[in-house]
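Written below as structure tokens is the structure these notes are about.
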Amino acid sequence: MDKRVIPGGEEAEVRKGPWTMEEDLILMNYIANHGEGVWNTLAKSAGLKRTGKSCRLRWLNYLRPDVRRGNITPEEQLLIMDLHSRWGNRWSKIARQLPGRTDNEIKNYWRTRIQKKVKGGESSECHNSMLSDEASTSQASGVEVMGAQPSYPPPHTTNPETFGTPFPTESNDNFWADDEFWAMQSFNGD
DNA sequence: AAATTGAACAACCGCAGCTTA
DNA sequence: ATAAGCTGCGGTTGTTCAATT
0 MDKRVIPGGE EAEVRKGPWT MEEDLILMNY IANHGEGVWN TLAKSAGLKR TGKSCRLRWL
60 NYLRPDVRRG NITPEEQLLI MDLHSRWGNR WSKIARQLPG RTDNEIKNYW RTRIQKKVKG
120 GESSECHNSM LSDEASTSQA SGVEVMGAQP SYPPPHTTNP ETFGTPFPTE SNDNFWADDE
180 FWAMQSFNGD
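Just so you know, we're using numbering that gives the first Met the number 0 here: the first sequence kicks off at 0 and counts up by one.
Encoded structure:
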């Protein structure tokens with residue numbers, strides 16, 4: 000990753016890229032004990048080699064307990080479209096109207112699924128097509144990914160120095176079951 | 001079965017606004 | 001009054017996975 004070596008010998012390294020489970024745990028535990036905010040200080044105090052920005056993003060988008068992950072419901076989709084027509088790309092504002100959804104998630108959803116259809120369809124009928132499409136995808140996908148499911152890079156894809164994580168790294172799924180994840184948190188915390 | 005393409009998601013970057021010393 | 005630091009936002013890119021050829 001990005002490593003900057005300070006001449007003095009001390010390394011000021013800033014990690015980038017996907018978060019590891021260990022980093023997530025550190026961040027969650029720290030926030031559980033000290034609260035969120037003052038991200039730069041938090042990053043340093045927690046011993047994370049991440050920028051405050053990165054910590055904030057990770058927390059807000061994935062680690063917060065109330066974050067909802069998984070398929071956007073047709074109702075939510077309608078709401079997103081409605082609010083977007085009113086407010087434009089004010090993602091954070093739109094996200095506030097959708098409890099548990101993050102601006103990043105909504106932004107991605109819009110760009111990948113809605114925008115191109117709006118471009119192509121360009122009418123109210125695209126509402127319908129989109130809704131039906133949503134319905135089908137939410138079923139077709141089959142995987143109910145509700146609840147926080149942080150994903151982690153497979154050990155072999157990350158640099159070896161990353162961590163010899165003592166954590167369960169499933170062979171093909173790099174996911175933690177929600178329960179496992181939070182259980183692990185409480186296990187580590189307090 | 002392998003290669004290619006496209007979709008979805010996660011994370012980083014740059015900028016603007018706000019706060020504080 | 002202003003400079004510096006921090007936070008939040010929106011845009012963009014990179015990676016992975018699934019579908020298609």
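We treat Cβ as the ideally placed atom computed from N, Cα and C, and that holds for glycine.
Backbone secondary structure at residue i - three-state DSSP
i	result
Glu12	strand
Thr190	Summary: the structure shown does not reach residue 190, with the chain confined to residues 0 through 189, and so no result is reported for it.
Arg112	helix
Ser104	Sequence inspection shows Glu at residue 104; the Ser mentioned does not correspond to that position. Helix.
Arg67	coil
Leu62	helix
Pro73	helix
Leu47	coil
Leu97	coil
Gln138	Per-residue confidence for Gln138 stands at a pLDDT of 40, beneath the threshold of 50, marking its modelled position as unreliable; no derived number is given.
Classification of residue i by the beta-carbon crowding that lies within 10 angstroms, buried from 16 upward
i	result
Met145	The pLDDT assigned to Met145 is 40, lower than 50, so where the model puts this residue is not dependable; a value taken from the coordinates is nonetheless given after this. Looking at its Cβ environment, which holds fewer than 16 other Cβ atoms inside 10 Å, Met145 is exposed.
Asp23	buried
Arg100	buried
Glu74	exposed
Glu143	Since pLDDT at Glu143 reaches only 38, below the 50 mark, its modelled position is unreliable, and no value is offered.
Arg49	buried
Gln76	buried
Trp86	exposed
Ser53	buried
Thr19	buried
Thr136	Annotation note: pLDDT 41 at Thr136 (below 50); position unreliable, coordinate value reported separately. Exposed, by the Cβ-count rule.
Pair within 8 Å by beta-carbon distance, residue i and residue j
i	j	result
Met27	Leu62	yes
Leu47	Ile25	yes
Trp58	Glu35	yes
Asn103	Asn70	no
Gly51	Asn32	no
Ile192	Met80	This structure leaves residue 192 out entirely; the chain is present only between 0 and 189.
Extent of the continuous alpha helix (DSSP H) run through residue i
i	result
Gly51	Gly51 to Arg57
Asn88	Here Asn88 belongs to no alpha helix (DSSP H), and DSSP marks it neither H nor E.
Glu21	Met20 to His33
Residue i: CB within 7 Å of a non-hydrogen atom of the ligand COA
i	result
Ala42	This structure lacks the ligand COA, and indeed carries no ligand of any kind.
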